[in-house]
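A.B. asks: Protein chains in written order, with this note's numbering: chain A, 3 to 654; chain B, 3 to 654.
We treat Cβ as the ideally placed atom computed from N, Cα and C, and that holds for glycine.
In this text the structure is predicted, and so the values were computed from the model without any measurement.
One structure coming up, written as structure tokens, with questions to follow.
Number of protein chains: 2
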Amino acid sequence: MTGKCARSSLSRYLDGEFCDIKDHLRQEISQCDLFKSSSYDLTLDETRDLTAERLHFVLQLPEMRRHLKDQVKERQKAFISKSLGIAEVLCTADIATGVKMGVVCGLFGGAITNLGSPEQKEKWYLPVTELQFTGMFAMTERGHGSNVRGILTEARYEPSSQEFVIHTPCEDAKKMYIGNAMKGNYATVFAQLLVDGESQGPHCFIVPIRDGEGVMYPGVTAIDMKHKEGLHGVDNGILVFDNVRIPRENLLSKFGSVSPDGKYHSPIQNKGKRFNAMLAALTPTRLALTVQAMAAMKLGLIIAVRYSHSRRQFGPRDQEEVKIIEHQTQYLRLMPHLAAALALTFTTRFAAEMMDEAVHHGRDLLNSRSLQALIAGLKAYSTWENLACLQDCRECTGGMGFMMENRIPALKCDSDVFVTFEGDNVVMLQVVVRELMTQYTKQFESSAMFGLLKTWTSSASDSLRTSFLGFSTDKVGNLAFLLKAVSYRERVLQRSLAARLYTKVEKNKNEFFGAWNSCLHHVTSLALAHIHRVTLEQFALAVQACQVSADQTLLTKFCLLHGTSLVYQERAWYLEHSYLTPSTSKMIRTQLLELCKSVKDDALKVVSDFNIPSCCVQAPIAGVANPRAEWAFYLAPEHPDQPQEPKTLSKL
Amino acid sequence: MTGKCARSSLSRYLDGEFCDIKDHLRQEISQCDLFKSSSYDLTLDETRDLTAERLHFVLQLPEMRRHLKDQVKERQKAFISKSLGIAEVLCTADIATGVKMGVVCGLFGGAITNLGSPEQKEKWYLPVTELQFTGMFAMTERGHGSNVRGILTEARYEPSSQEFVIHTPCEDAKKMYIGNAMKGNYATVFAQLLVDGESQGPHCFIVPIRDGEGVMYPGVTAIDMKHKEGLHGVDNGILVFDNVRIPRENLLSKFGSVSPDGKYHSPIQNKGKRFNAMLAALTPTRLALTVQAMAAMKLGLIIAVRYSHSRRQFGPRDQEEVKIIEHQTQYLRLMPHLAAALALTFTTRFAAEMMDEAVHHGRDLLNSRSLQALIAGLKAYSTWENLACLQDCRECTGGMGFMMENRIPALKCDSDVFVTFEGDNVVMLQVVVRELMTQYTKQFESSAMFGLLKTWTSSASDSLRTSFLGFSTDKVGNLAFLLKAVSYRERVLQRSLAARLYTKVEKNKNEFFGAWNSCLHHVTSLALAHIHRVTLEQFALAVQACQVSADQTLLTKFCLLHGTSLVYQERAWYLEHSYLTPSTSKMIRTQLLELCKSVKDDALKVVSDFNIPSCCVQAPIAGVANPRAEWAFYLAPEHPDQPQEPKTLSKL
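Structure below.
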């Protein structure tokens, strides 16, 4: 299947199983005028129209339509992995288009296909794949963004008319930040279901917003939120419902339905569990954010690495100035991000495959605690790592990096919101820890849990503490050492958090929210430690699985760099816990500097093997000329050692 | 003099000596329609026109004209401090206008007043204060941004016509990123002076660019660089000179002049020293960047702190949700930035006073090594700190922080370039260390220097190392402990850097650039350690000098927080050097969490005492309504304990 891709072995390895459809999409985008470098003079409306046209272009591609129709089928094999591959390619072309597709297919489509009955999927999502209408996803409210459980929008069932009445009871209940709100036709609206005066908790309803001519459905108001930091192509708006009537069939019925005479039925009795099940069904969309952040990161790295290899500044007296990549600070700032981008590539693939596995076998995503933890944590880690990476790319390209032509500013602004939307990162980290801690018990606050915590805190801990302490100093550069270090940190943080919570809640009878809040810094540290560990493990496994020896050697260096960088960042913690001695800690720093230096030339090959077509890179400082900014052009550097392999896409 | 300001004692203290002219400017801006919340739909040209109008409005104010005329006078008392106060106020209203004023008055005006003769000041700068024309500052070239010594533009003297011929010999010599290039009338152009075939190094020339009607001067081309990440109101462009002829009198002659018959004369013989003297004369402008970054930071903090005190999310079961400022992660992210903003306020004031002192007494700024180091380091530290602060403000305000109405996005984008322009921050940090090391000797690479380094590395070091080790653990929260810690770090880093350089260059005969480059991470660490120490010391002195006991108590807490935060950030280093034990390091973390918690309510008073008028704050989430985004409005919180003092400006 990968035979058709005529490019380097590493590039194929990084692209993964779905390189054919990804290549196809790259080709289509490269040939499409809509994706040509666009003007920065467009008005907001023009930018939104362009984004809508771009999305329409992608959705009408026969391969895409075939793929999207699979979404309606049950237990479709590898659907998520394939979708994420597509999402990454689309985001390298334009993040706003990628996000808009995420709203229409991932969120609106995902809500219907995951929460709806087979008939509902046919009726409400199949037309989207046939370009008949688009949808939006209305969960967030003014009063409840991160704390979505407390949403206030009401859906009262009226047996006489067999209708639900969707209503916004107050200012705080207004649906906010809704993507595609100014253009879409239908919304999946989350509202508290009220049947016969009794609340059944949040459910999801299909609410018509406007028809094909743009005429609003009675009682629906959409307010344009207009200008944002980035993602100008995505039309975010506010939805207000004034007793909007929809048919009984518009309640997505997988987790709850109402009979014509007003009897509520659900396969899950507990309201909290029911809502969790609904949210869990939306997990794949969360992973898409990681992929979108990765796309932005890779673009930033291509641009910064290429420019660093062609721009010269400073140097030995009376000699030619050196390439700026030679400056120690330059490679020290860029190389760890490149290693992280590789780690994320493999970890995301792993998470997607786990999810596809679960879906294919009809397993409940809610019960895959470790998968939930991984995806929430990946969302936070990847989106923050992306921002840090793009900021370094921007600074490492100096004034040129501040110019719009060179793409980095827009990448930063477009992807900035990723750290707070679809679950604020700080909240995501709390999800990670909650999931980690409830792997063993069903109710976090049950005494069973605390019984367990109690045992946990007193047993096995000291053997854990000392088991890795006997390393000799020459092992610091060893991957095994690094893997053990990140794993040790996660376990100690977990154990000590459990002990602290146990003391506060069980012994001192503190109220739970206050106890948890007073440990929040600890909680977020643990969550990140967990994700760090998983990314390093997945990177190491991918190195092991790599079949081409030269590629394996290259990836090994970056894997070591990723591990070293993770340990270096947290060396204070390791020193505090006597896991590193002062001298091993200094060795870690030396090792970081040396590894960064050793991969700085390889970096050119790696960014080239990200296989992003020129039309998507666009930046003149990365060697892609732009007639509007000839002054910005720098010839793309060739890799000094490697003869260039045939790259079919390089001239697109 | 400060009697006229009817506001809180802390607000007066933070505003400093020039609160009257600052208040006057605040009042004028508040009443001026040009500064009213502007549309985000403006085209680039419209935005630039608006910025030009805003600048014109400010320059025509009688107080401003009086102040600017002082710039032409020699040894004007406190001119720099007063100018910086004005710059800060203007930047809180609009950063682009502040930057544009920096270009016209600080850079163009500064070049003329610092490098020109009295007649040249009269001729080329006085008209600017009379609104007859504006200017630009043309130093940076395509090939030489940070490494400005290597600029390529030529100025050949032609005795026959008594003219200089200004010429751009190649692509890399084009003047780039020049602010006001599309609107300004004259440029101060830095070019290599060639007299009778001999190069005399870079000098500064007045070159006419376009007349009042916009007609270009013969041989001059200006290319619009158009769209950037931010600062849309500043028209950056490229200048190309094709044998442009200017009169002999247009060479700014303080550090070098050419007689009619082509004899070069300069008070400074050494070319390198001469150029350094020219650059040193421009130091005040560099400090302006710190002030501009501070303005952005303070605005971000006002918005994020107020919103955090009114927005509620999550909370104990069955109770009202808590204000988000109560979340541990929220106050942990925001409070250290607030402490840093205060530290920067006092440190900048100190640096400005030092500079005013030097100027007033006619001292050579070049020879104030510690001042040069301070200003270069402050530029780097403050602009990075600003970006980190604004990013946290953006994330701590969630989706609201991503909306343009709430100001943070534009603050981020406008101030992002500060970290690379007017001296890339990484280069600035190298300037710091060069200045620190040459405080003792005139030539860095001279053997005298290395003789000194040799002594330095072997003597006194161990007593230094141990002298602070005997602290008992209860002193960690003591300001004296924190001051000693940051000072110890600076000295050890300096000593070890000297030792490393000495070994590489003198013992192992490494080439200097390579040796320096291999220590670059060490160099940048030392530079930041230096600035950290100075900011903490200046903060501590300002606390001491504060006359009002309640204010002093408040500032003491923030000063402790700043010191704790600085030590916490670098605790790995302290652990590596056994300056902290694992348990004291953990105490530092606990102390950081507790201090952040203890000041979170005081934060409301502090941001209010920044005394920024509502019309400049603008953000609906900070309690300033905007009719275009009613949905974003959150009532500004009142400080829970403090009764509000009369604030004359709060209703502006």
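1. Would you say Ala-574(B) faces chain A, with C-beta separation under 8 angstroms as the test?
2. At the level of alpha carbons, what is the spacing between Leu-557(B) and Leu-606(B)?
3. Buried or exposed: Glu-596(B), going by 16 or more other Cβ atoms within 10 Å of its Cβ?
4. Quick one: which unbroken alpha helix (DSSP H) runs of 4-plus residues sit fully inside the region 97-121 of chain A? Chain order, please.
5. Determine the burial state of Asn-252(A): buried for a count of at least 16 other Cβ atoms within 10 Å of its Cβ, exposed for fewer.
6. Based on DSSP bridge pairs, tell me the residues matched to Cys-206(B).
7. Could you pull out every residue in the same chain whose Cβ sits closer than 6 angstroms to the Cβ of Phe-2(A), ignoring the five residues on either side in sequence?
8. Would you kindly work out how many angstroms separate the C-alpha atoms of Met-439(A) and Met-356(A), rounded to a whole number?
9. Select from the region 380-408 of chain A all residues with a C-beta closer than 8 angstroms to any C-beta belonging to chain B, and list them in chain order.
10. Figure out for me which residue from Gly-364(A), Arg-502(A) and Tyr-42(A) has the closest Cα to the Cα of Lys-228(B).
11. Using a C-beta cutoff of 8 angstroms, does Cys-93(A) count as contacting chain B?
12. In terms of alpha-carbon separation, which member of Asp-263(B), Ala-282(B) and Ser-259(B) lies closest to Gln-271(B)?
13. What ranges does the alpha helix (DSSP H) occupy inside the region 234-262 of chain B, keeping only unbroken runs of at least 4 residues that lie completely in it?
14. Which residues of chain A have a Cβ atom closer than 8 angstroms to the Cβ of Gly-565(B), listed in chain order?
15. Taking the runs of the alpha helix (DSSP H) that are 4 residues or longer, which of them lie wholly in the region 503-557 of chain A?
16. Listing by chain order, which chain A residues have their CB less than 9 angstroms from the CB of Arg-502(B)?
17. Pick helix, strand or coil for Tyr-127(B), following the three-state DSSP scheme.
18. Using only alpha-carbon positions, find the residue among Leu-36(A), Ile-88(A) and Arg-68(A) that is nearest to Glu-19(A).
19. Please state if the CB of Cys-618(B) and the CB of Gln-294(B) are separated by a distance shorter than 8 angstroms.
20. Please classify Arg-212(A): does DSSP put it in a helix, a strand, or coil?
21. Tell whether a beta-carbon distance below 8 angstroms holds between Leu-562(A) and Arg-573(A).
22. Drop a sphere of 10 angstroms on the beta-carbon of Gln-122(A), count the other beta-carbons inside from all chains shown, and report buried for 16 or more, exposed for fewer.
23. Could you name the residues of the same chain whose beta carbon sits closer than 8 angstroms to that of Asp-426(A), not counting the 5 residues immediately before and after it, in chain order?
24. Consider the Cβ of Met-227(B): report whether some Cβ of chain C lies at a distance smaller than 8 angstroms.
25. Could you work out which residues of chain A lie near Phe-316(B), taking near to mean beta carbons separated by less than 8 angstroms?
26. Give the range of the beta strand (DSSP E) segment to which Thr-440(B) is assigned.
27. Answer yes or no: does any C-beta atom of chain B fall closer than 8 angstroms to that of Tyr-179(A)?
28. Spatial neighbours of Asp-51(B) within its chain, please: CB distance less than 6 angstroms, with the 5 preceding and 5 following residues excluded, ordered by chain position.
29. Give me the chain B residues within the contact set of Trp-633(A), using Cβ-Cβ distance strictly less than 9 angstroms, ordered along the chain.
30. Where do the ends of the alpha helix (DSSP H) carrying Asp-604(A) lie?
31. Can you give me the Cβ contacts of Lys-456(B) inside the same chain, cut-off strictly under 7 angstroms, excluding the 5 residues immediately before and after it?
32. Determine the extent of the alpha helix (DSSP H) in which Lys-177(B) is found, giving its start and end residues.
33. Going by Cα to Cα distance, which pick from Tyr-159(A), Phe-207(A) and Met-141(A) is closest to Val-197(A)?
34. I need the boundaries of the alpha helix (DSSP H) containing Asp-17(B), first residue and last residue.
35. In chain B, what lies closer than 7 angstroms to His-523(A) by C-beta?
36. Could you give the residue range of the alpha helix (DSSP H) that holds Ile-326(B)?
C.D. replies: This is what the structure holds:
1. Yes, Ala-574(B) lies at the interface with chain A (some Cβ there is under 8 angstroms from its Cβ).
2. Looking at the two C-alpha atoms, the distance is approximately 13 angstroms.
3. Its Cβ having fewer than 16 others within 10 Å, Glu-596(B) is exposed.
4. Fully enclosed alpha helix (DSSP H) runs of 4 or longer: 97-103 and 111-117.
5. With 16 or more other CB atoms across the displayed protein chains lying within 10 angstroms of its CB, Asn-252(A) is buried.
6. Answer is Phe-192(B), bridged to Cys-206(B).
7. Because chain A in this structure spans residues 3 to 654, residue 2(A) falls outside the shown range and cannot be described.
8. Taking the straight line joining both Cα atoms gives about 20 angstroms.
9. Under the 8 angstroms Cβ criterion, the region 380-408 of chain A contributes Leu-389, Gln-393, Arg-396, Glu-397, Gly-400, Gly-401, Gly-403, Phe-404, Met-405, Met-406 and Glu-407.
10. Measuring from the Cα of Lys-228(B), the nearest candidate turns out to be Tyr-42(A).
11. Contact with chain B is absent for Cys-93(A), since none of that chain's Cβ atoms lies less than 8 angstroms from the residue's Cβ.
12. Minimum Cα distance to Gln-271(B) is reached at Ser-259(B).
13. Correct list: empty.
14. The contact set of Gly-565(B) on chain A, defined by CB atoms closer than 8 angstroms, is empty, because the minimum CB distance reaches about 17 angstroms.
15. Segments of the alpha helix (DSSP H) lying fully in the region 503-557 of chain A: 514-520 and 522-547.
16. Correct list: empty, because the minimum Cβ distance to chain A is about 12 angstroms.
17. Coil, per DSSP.
18. If we check each option's Cα against that of Glu-19(A), Ile-88(A) comes out closest.
19. No. Outside cutoff.
20. In the three-state reduction of the DSSP assignment, Arg-212(A) falls in the strand class, which pools E and B.
21. No; because the gap between Cβ atoms is not below 8 angstroms, this pair is not in contact.
22. The Cβ neighbour count for Gln-122(A), taken over all protein chains shown within 10 Å, is at least 16; the residue is labelled buried.
23. The answer, listed in chain order, is Gly-147 and Ser-148.
24. The chain inventory of the structure shown lacks chain C, comprising the protein chains A and B.
25. Here the neighbours are Ser-148, Asn-149 and Phe-515.
26. Thr-440(B) -> no beta strand (DSSP E), and no H or E assigned at all.
27. Yes - at least one Cβ of chain B is within 8 angstroms of the one on Tyr-179(A).
28. Within its own chain, no residue has a Cβ closer than 6 angstroms to the Cβ of Asp-51(B) once the five positions on either side in sequence are excluded.
29. Chain-ordered, the chain B residues with CB closer than 9 angstroms to the CB of Trp-633(A) read Arg-144, Glu-173, Lys-176, Met-178, Ile-225, Met-227 and Ile-240.
30. Element bounds for Asp-604(A): 604-611.
31. Because the pLDDT of Lys-456(B) is 47, which lies under 50, any placement of that residue in the model is unreliable, and the number read from its coordinates should be weighed accordingly. Within the same chain, Lys-456(B) has close Cβ partners Tyr-504.
32. No alpha helix (DSSP H) contains Lys-177(B), which is instead part of the beta strand (DSSP E) from 177-181.
33. It is Tyr-159(A) whose Cα lies nearest to the Cα of Val-197(A).
34. Here the alpha helix (DSSP H) through Asp-17(B) covers 11-17.
35. Those within 7 angstroms of His-523(A) in chain B are Gln-330, Thr-331, Leu-334 and Leu-595.
36. Taken as a continuous stretch (DSSP letters only), Ile-326(B) belongs to no alpha helix (DSSP H), as it is neither H nor E.
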